[in-house]
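Going down the list, the sequences are from chains A and B.
Note that UniProt numbering gives residue 638 to position 638 of the first sequence, counting from 1, and the numbers run on in steps of one.
Note that UniProt numbering gives residue 704 to position 704 of the second sequence, counting from 1, and the numbers run on in steps of one.
There are 2 protein chains.
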Amino acid sequence: MSHLYKHLRIHQVFGANTDVGKTVLTTALARVSTVKGHKVFYLKPVSTGAPQDADDEHIKRFGGPRRSAIETKSLFRYDDPVSPHLAAKMPSAEGRVVPTDETFVNSIADYVRRCASEPSYAHMYVETAGGVHSPTLSGTTQTDAYRPLFLPTVLIGDSKLGGISSTISSYESLLLRGYIIDAILLFRDEYYRNYEYLAPFFAEKGVHVSSINSPPSRHSDPEEDRAATENYYASLASPESHDGVLGVLSHLDDCHKRRIEELDSMPRRTLDSIWWPFVQHGLVKQEKDVTVIDSAWSDFFSIYDAGNRQTESSSSSRLQPQLDGSASWWTQALGHAHPSLTLAAAEAAGRYGHVMFPQSSHLPALKLAERLVKDGPGKGWASRAFFSDNGSTGMEVALKMALRAFCISNGIAAEDRTRRNLGIIGLKGSYHGDTIGAMDACEGGVYTCEWHEEKGYWFDSPTIGVCDGKVTVQVPSPILETAKDLPGTTFASLSEAYDVNSRLESPLAGVYRRHIVSALQRLSEIEDIRLAALVLEPLVMGAGGMIFVDPLFQRVMVDVVRDPQLTGGSQGSSALPVIFDEVFIGFYRLGFNSACPVLGVNPDISVNAKILTGGLIPLAVTLATEDIFNAFKSSTKTDALLHGHSYTAHPMGCAVANATLDMVNKLGESDLWTEAREQWRAFQGVPNEAPNPLWSMWDPHFLESVSRLPCVREAMALGTVLAFKLEDNDAGYASHLAQIKLQALKESVQSSTLSAAPGGAPFGIHYRTLGNVAYFMTSLNTERKTVAAVEDRIWSALNTQ
Amino acid sequence: MSHLYKHLRIHQVFGANTDVGKTVLTTALARVSTVKGHKVFYLKPVSTGAPQDADDEHIKRFGGPRRSAIETKSLFRYDDPVSPHLAAKMPSAEGRVVPTDETFVNSIADYVRRCASEPSYAHMYVETAGGVHSPTLSGTTQTDAYRPLFLPTVLIGDSKLGGISSTISSYESLLLRGYIIDAILLFRDEYYRNYEYLAPFFAEKGVHVSSINSPPSRHSDPEEDRAATENYYASLASPESHDGVLGVLSHLDDCHKRRIEELDSMPRRTLDSIWWPFVQHGLVKQEKDVTVIDSAWSDFFSIYDAGNRQTESSSSSRLQPQLDGSASWWTQALGHAHPSLTLAAAEAAGRYGHVMFPQSSHLPALKLAERLVKDGPGKGWASRAFFSDNGSTGMEVALKMALRAFCISNGIAAEDRTRRNLGIIGLKGSYHGDTIGAMDACEGGVYTCEWHEEKGYWFDSPTIGVCDGKVTVQVPSPILETAKDLPGTTFASLSEAYDVNSRLESPLAGVYRRHIVSALQRLSEIEDIRLAALVLEPLVMGAGGMIFVDPLFQRVMVDVVRDPQLTGGSQGSSALPVIFDEVFIGFYRLGFNSACPVLGVNPDISVNAKILTGGLIPLAVTLATEDIFNAFKSSTKTDALLHGHSYTAHPMGCAVANATLDMVNKLGESDLWTEAREQWRAFQGVPNEAPNPLWSMWDPHFLESVSRLPCVREAMALGTVLAFKLEDNDAGYASHLAQIKLQALKESVQSSTLSAAPGGAPFGIHYRTLGNVAYFMTSLNTERKTVAAVEDRIWSALNTQ
């Protein structure tokens with residue numbers, strides 16, 4: 001990940017095209033750096049062509065009187081004078097392994113770290129090859145390949161005919177990867193005068209442009225050529241020079257200094273102006289408690305490490321990778337800053353911006369609605385998509401839909417005050433968001449506020465997990481009250497436990513059914529509660545404490561509320577509408593696109609968000625059946641679903657969602673998932689043709705081992721989620737045991753080197769705890785070795801206490 | 001705006017760089033078009049250099065045996081062989097006016113329309129100059145200058161060394177403007193083999209890449225050169241040719257056909273899968289009632305006109321500009337698809353994606369929080385920024401803050417059920433969003449749902465407007481009950497009426513004060529209502545019917561609720577927290593950054609959204625004082641404000657907001673605003689040094705004239721908003737009079753030509769009506785002539801009935 005040292009100012013040098021003077025201008029910068037008394041590291045990661053023509057040779061030759069202060073280095077050399085991706089495949093390179101992007105980036109990072117270990121202030125230039133998007137050895141274009149290092153950038157502009165265009169386009173390609181662009185340099189060509197256009201153009205964007213005298217044209221006599229070139233560099237490096245190199249150098253030094261000062265200032269400024277969600281500010285007293293995120297890439301944040309601030313000459317980078325071990329509140333699907341999502345967002349912004357949605361249509365929204373309804377979580381039951389901004393608003397929409405449909409099918413008139421007190425059937429521990437309507441569909445508790453008034457009845461839920469190596473359903477005592485004896489609650493495998501259809505006739509299903517029916521009948525006798533909808537987070541209640549609910553219980557709930565004979569009793573209700581809140585579990589978070597096939601039933605309404613947009617941008621969708629839709633249809637305007645947000649179905653969000661779902665679909669066929677599924681299949685002894693086989697990104701052997709640790713009460717993995725409940729007497733939100741226990745984990749990794757992080761650096765783990773539950777979450781495409789590294793850390797942390 | 005004709009397939013040809021073969025490949029395309037029997041229009045909008053070297057001459061020369069089917073055209077010719085932006089300023093161009101971007105685009109549009117008037121199926125190629133970002137005559141880069149036309153694009157890739165990079169970067173620059181890129185063509189250079197890399201690279205993005213044989217190298221003998229060139233083109237055009245030109249042609253024809261088919265299909269598909277916000281689907285029965293938005297630019301949507309579908313040979317474009325006359329639900333500040341906002345969004349996506357926010361910090365959020373608190377709507381009172389996704393969630397946060405602060409200062413314990421029934425003081429007609437908490441802070445009404453239960457007391461509000469040319473405050477009868485006689489309610493100017501501080505001692509202020517105090521004292525004697533906060537939409541209640549409230553009344557309300565002696569009575573309350581919902585009015589929608597200086601008081605909490613992100617992406621902010629913040633501060637986690645959304649403070653939204661606020665600040669100094677302010681100042685006879693002078697983008701003379709029309713009861717303009725209330729006995733949401741009246745407006749403009757629309761085409765007006773109120777809204781940067789054109793349309797529409 002990103003490298004930042006106070007005493008080593010690093011810039012990567014990108015070119016707006018090939019042959020724009022990258023090496024000449026980098027040589028000038030390096031030479032002027034030595035004139036100012038600094039040591040210089042010049043790195044050319046990939047060098048192609050004859051060694052004597054190589055850029056590092058040029059720098060050695062023209063580095064000036066203090067050239068000994070310049071250390072040049074090339075990491076990968078190929079003899080053919082072609083683009084790196086071709087050179088690596090030439091006959092002359094036969095037998096050499098083409099480095100992967102990771103090896104490539106790690107090699108650069110290793111060199112950077114070595115340079116940073118020298119104590120005096122130095123400059124470093126990393127010169128790329130060709131243009132910004134020229135492919136590197138693996139074939140990945142450089143802007144993407146270098147991105148994990150996130151080095152500040154100097155762009156060498158193009159001074160030739162057409163160079164205005166190539167300079168601006170190159171800048172935009174760098175911007176699309178989020179690079180910090182500190183300066184643009186280009187030759188002062190007096191005929192095309194591109195610098196005259198580009199300087200004010202970029203000044204408006206806050207980017208410094210300098211034009212530098214062009215080098216002399218090549219002389220036919222090598223000695224003369226050398227002398228002219230030496231004169232040229234000498235003139236650029238002269239302290240009296242009016243040319244811009246000295247000025248550029250000061251500017252780059254200033255940028256470096258200001259960046260560090262800004263990062264240093266961020267914790268204090270944040271504590272002074274930000275009000276965080278869900279954070280007790282009274283407990284965040286010190287600057288070091290603020291996580292400063294400088295950038296992010298793939299599964300990792302790049303975190304500014306305040307701890308190094310005191311040591312001026314510290315040789316460890318002030319930016320450190322930290323694994324986003326909770327997938328940034330469960331949103332990340334494809335890692336941070338995925339270029340495909342950035343491009344999808346940019347394209348939609350460029351085509352539409354935002355356009356108002358009522359009675360309108362645009363392609364990103366229409367395509368998204370169709371795929372969600374036909375091939376997505378709505379497959380087989382939904383006919384309509386209603387867009388909003390987040391899971392909470394999506395749930396408010398779902399509740400409005402369900403309550404209206406109930407009122408209509410039960411003939412409850414608009415003026416009937418019963419409407420205001422219609423209740424929800426749900427589970428204890430449910431969470432549907434923080435707007436008050438969504439809160440009212442949950443039991444009261446800590447996520448509460450003045451106006452929150454729970455409206456409904458909440459069942460205790462049986463849970464499922466691995467205890468001491470055995471897949472076990474824990475049935476809470478209220479359910480057992482109605483059971484004569486406890487039926488079988490252990491299973492040969494998780495897949496067996498999640499095969500809900502096969503369990504429908506089991507004795508446990510009967511226990512569940514009797515319990516639910518009798519509770520509902522009891523409730524129907526109480527006049528002031530009239531239940532109007534069933535609302536479930538299928539399979540897992542995330543915010544409630546990562547509670548893995550026995551899916552059979554949820555299935556039986558749905559079956560019961562859809563049987564008016566069972567629920568109605570004296571009230572004579574029709575079947576209740578069923579809402580699935582799939583905000584957390586949707587789109588393979590748990591290994592399934594939707595919970596419907598697992599539970600073997602479809603809802604009437606469902607809500608999706610989070611992964612929907614790949615972890616980039618707010619968007620939620622509420623899907624509904626045609627019956628629900630028809631409940632609002634009339635010839636009277638005010639019967640409509642009068643709900644909307646300004647940015648409803650905003651094109652950027654919809655376009656990003658479409659790009660996400662394209663990529664998620666491809667993951668289904670990927671080696672990563674195929675291998676994980678196969679590992680789980682083999683571990684569980686599940687036949688190939690089993691329906692909905694359960695699987696996880698986490699190793700089943702690891703899960704089993706963890707479940708046997710004395711400090712672990714229960715462990716569970718499904719899809720990208722790993723959770724364990726620790727032994728703790730003080731359960732609930734306020735519990736700190738898991739936090740204390742896992743502090744060991746955090747500390748144990750801070751000093752270790754783990755190659756799973758891009759750049760080969762150490763990484764922390766930004767995990768989450770809820771009461772005595774700790775959980776970790778990967779993206780949908782996190783590599784197996786990263787997961788394995790986390791498993792190792794967890795294992796040792798749990799074993800050290 | 002965009003042009004689309006069934007019988008004229010148009011492509012603009014952009015180059016990945018200069019000298020990549022744009023003219024050669026366009027010539028090949030044109031020639032092959034004639035071989036397939038089509039008429040071809042070749043347009044080179046700008047031609048620089050000697051006429052005999054011009055690209056249109058080349059095409060005429062090598063157009064092949066059917067060259068007479070090719071019509072070539074150049075619109076702007078300059079003799080100097082340099083970039084257009086330089087050619088236009090050369091001595092040889094002296095005396096010629098440099099065309100503005102609008103003139104430029106209109107000239108192209110005129111030519112396109114002329115070509116489209118020919119009845120047979122034809123192809124058209126519009127060849128740009130240099131690379132994608134090469135500046136055109138005005139200096140604007142071509143990707144931006146051509147954008148209003150939104151023509152489908154063929155990108156000519158670069159086959160030379162470095163060409164992979166320039167091709168990809170050029171593609172990305174086009175994508176950032178939302179262009180549809182139908183194909184990439186490049187020469188088949190066998191040494192660099194760029195096509196081998198680019199074909200699979202773009203295939204993954206769904207873009208067709210074709211490589212075409214390179215032209216012969218230039219022969220020294222002109223005759224030989226001509227013969228070789230002719231042979232080359234002949235070989236490309238031969239039906240037996242294995243080269244790609246024929247294939248490209250079919251592909252481009254297919255793209256054109258599929259685009260029209262897709263647009264044709266969109267209304268039906270939309271009616272089948274989308275559930276719109278606020279729309280009664282029962283009233284939308286026909287495909288023609290669906291507005292299909294193909295793209296948008298500046299103040300205009302580009303709307304697919306279903307009316308032309310039946311006429312195969314219709315010569316009017318199927319895409320028509322439609323003025324976004326309601327600023328897309330009041331969100332647009334800088335017009336649609338503003339490149340600066342797209343780039344800001346892309347940069348943040350590339351640097352962070354989204355990163356979780358609790359206890360974290362990142363620059364876009366931190367910078368935004370600081371500027372909102374210090375220099376934005378929070379200036380002078382707020383200390384904290386809490387981010388969420390939309391106005392409704394922002395208001396839920398505000399309500400949670402206010403209620404908690406009230407409970408703490410009044411010692412209402414957590415378990416006290418009083419908390420659930422704390423009430424709001426507000427105005428009738430208020431609207432704060434559609435989540436149930438936000439709804440509960442409003443009077444019941446049509447924006448309602450089953451769980452909605454209004455919590456509070458709502459005052460009738462005096463309103464302000466221009467009636468028959470006079471600025472008049474209308475005082476509702478409940479307020480007059482407490483007045484002995486009606487004090488002065490007309491004003492010399494709007495600025496006088498909005499000078500709240502000067503009106504504080506007026507008799508009307510006394511009437512307001514006595515009315516509010518007595519109502520609150522009456523309420524405090526009723527036990528089951530305990531008022532805990534004042535919630536106002538300052539100045540205008542938008543959704544409630546564009547109600548312009550007398551600002552003095554709101555000021556007096558704030559003053560009263562902050563005087564515990566006045567409100568407390570038997571309850572002994574402390575001052576009530578005051579919430580300003582500035583979601584609609586904030587950021588100069590009404591000409592003021594915030595209502596605070598106008599009202600002369602600050603709230604304790606305020607909410608902003610909509611314009612905050614320039615009309616691009618969802619984001620809201622709730623600002624609060626340090627006192628409110630401290631109400632949640634303790635050492636207990638569960639005392640915190642336990643509210644958050646997955647994408648809280650998402651970097652893209654915050655970065656776009658920062659870019660928006662930068663540009664909005666600049667507008668403050670712009671000629672556009674200065675002239676409008678000056679016009680209003682002069683019209684009102686307001687002295688230069690007057691505080692908070694009222695102004696509008698709409699002409700004050702126009703406002704006055706409209707207010708005198710017999711069918712208009714009242715008219716009003718403030719900032720970007722123009723509203724008029726029509727004479728109508730059937731007031732309320734369900735009223736259709738204004739709709740009927742304004743249908744005339746819509747129809748009257750559909751067939752007229754109005755140069756305000758880019759491309760000089762006719763435009764419709766996508767205005768909104770609420771009951772008997774019709775309103776129009778501009779962006780913050782809508783040009784005066786566009787506003788004037790709308791004024792003309794309104795004037796004639798209101799006068800025709």
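Every residue gets a Cβ at the ideal spot worked out from N, C-alpha and C, and that includes glycine.
Here the structure is a predicted model, which means the values were calculated and not measured.
Same chain only: Cβ atoms within 7 Å of Gln-571(B), ignoring 5 sequence neighbours per side: For Gln-571(B), the predicted model reports a pLDDT of 49, less than 50, meaning its position is unreliable; a value from the coordinates is still stated below. Scanning its chain for C-beta atoms nearer than 7 Å, with the 5 sequence neighbours on each side dropped, one finds around Gln-571(B) the residues Ser-524, Arg-530, in chain order.
Interface residues of chain A facing Val-373(B) [CB-CB closer than 7 Å]: Under a criterion of Cβ atoms nearer than 7 Å, the residues of chain A adjacent to Val-373(B) are, in order, Ser-273.
Cβ-based contacts, 7 Å cut-off: residues of the stretch 649-677 of chain A near chain B: Taking 7 Å as the Cβ-Cβ cut-off against chain B, the residues of the stretch 649-677 of chain A that qualify are His-650, Met-652.
Stretch-stretch touch, CB-based, cutoff 8 Å, three pairs: the stretch 118-138 of chain A with the stretch 159-177 of chain A: yes
CB contact below 8 Å: Ala-624(B) versus chain A: yes
Nearest-angstrom beta carbon gap, Arg-503(B) and Thr-482(B) [assumed within contact, 8 Å]: With 8 Å as the limit, Thr-482(B) and Arg-503(B) do not qualify as a contact, their Cβ atoms being about 18 Å apart.
Short Cβ contact (8 Å threshold) for Met-652(A) with Ile-611(A): no
Unbroken stretches of the alpha helix (DSSP H), 4 residues or longer, contained in the stretch 148-226 of chain B: 163-175, 194-203
Interface flag, Glu-223(B) vs chain A, CB-CB below 8 Å: no
Backbone secondary structure at Arg-9(A) - three-state DSSP: strand
Thr-674(A) - containing alpha helix (DSSP H), residue span: 671-684
CB contact below 8 Å: Arg-309(A) versus chain B: Model confidence at Arg-309(A) stands at a pLDDT of 49, short of 50, so the residue's coordinates are unreliable; what they give is reported in the following sentence. Closer than 8 Å: no.
Below-8 Å beta-carbon distance, Ser-570(A) vs any chain B residue: Because the pLDDT of Ser-570(A) is 46, which lies under 50, any placement of that residue in the model is unreliable, and the question is left without a value.
Whether Val-46(A) touches Pro-81(A) by CB criterion (8 Å): The answer is no: Cβ separation not under 8 Å.
DSSP-derived helix/strand/coil call for Ser-409(B): helix
Identity of the residue in Phe-386(B), Cys-442(B), Glu-450(B) nearest Tyr-457(B) by Cα: Cys-442(B)
Residue-level contact to chain A via CB, Thr-270(B), 8 Å cutoff: At a cut-off of 8 Å between C-beta atoms, Thr-270(B) counts as an interface residue with respect to chain A.
Exposure of Val-97(A), with buried meaning 16 or more beta-carbon neighbours within 10 Å: exposed
Closest by C-alpha distance to Phe-187(B), when choosing among Ile-164(B), Val-207(B), Leu-176(B), Ser-173(B): When the alpha-carbon of Phe-187(B) is set against those of Ile-164(B), Val-207(B), Leu-176(B), Ser-173(B), the nearest one is in Ile-164(B).
Sequence-distant residues of the same chain with beta carbon closer than 6 Å to Thr-342(B), five excluded per side: Leu-176
8 Å CB neighbourhood of Pro-693(B) in its chain, flanking five on each side removed: Ser-495, Arg-677, Trp-680, Arg-681, Gln-684, Val-686
Test item: CB-CB of Lys-22(A) and Ile-156(A) under 8 Å: yes
Nearest-angstrom Cα separation, counted from Thr-638(B) out to Pro-148(A): Just so you know, the alpha carbons of Pro-148(A) and Thr-638(B) end up roughly 38 Å apart.
Whole-angstrom distance between Ser-211(A) and Val-154(A), CA atom to CA atom: 13 Å
Helix, strand or coil at His-133(A) [DSSP, three-state]: Three-state DSSP puts His-133(A) in coil, outside helix and strand.
contact_flag[the stretch 368-381 of chain B, the stretch 292-308 of chain A] where n(CB pairs < 8 Å) is 3 or more: With a cut-off of 8 Å, the stretch 292-308 of chain A and the stretch 368-381 of chain B do not count as touching, because too few Cβ pairs lie within range.
Interface flag, Gly-423(B) vs chain D, CB-CB below 8 Å: Absent from the structure: chain D. Protein chains present are A and B.
Within chain B, partners of residue 876(A) - CB distance below 7 Å: Any question about residue 876(A) goes unanswered here, given that chain A covers just 1 to 801.
Extent of the continuous beta strand (DSSP E) run through Gln-322(B): Gln-322(B) -> beta strand (DSSP E) spans 319-323.
Any chain B beta carbon closer than 8 Å to Val-773(A): no
Cβ pair Met-777(A), Ile-605(A) closer than 8 Å: no
Per-residue contacts from Phe-300(B) into chain A (C-beta, under 8 Å): Result: empty, since nearest Cβ-Cβ is about 11 Å, beyond 8 Å.
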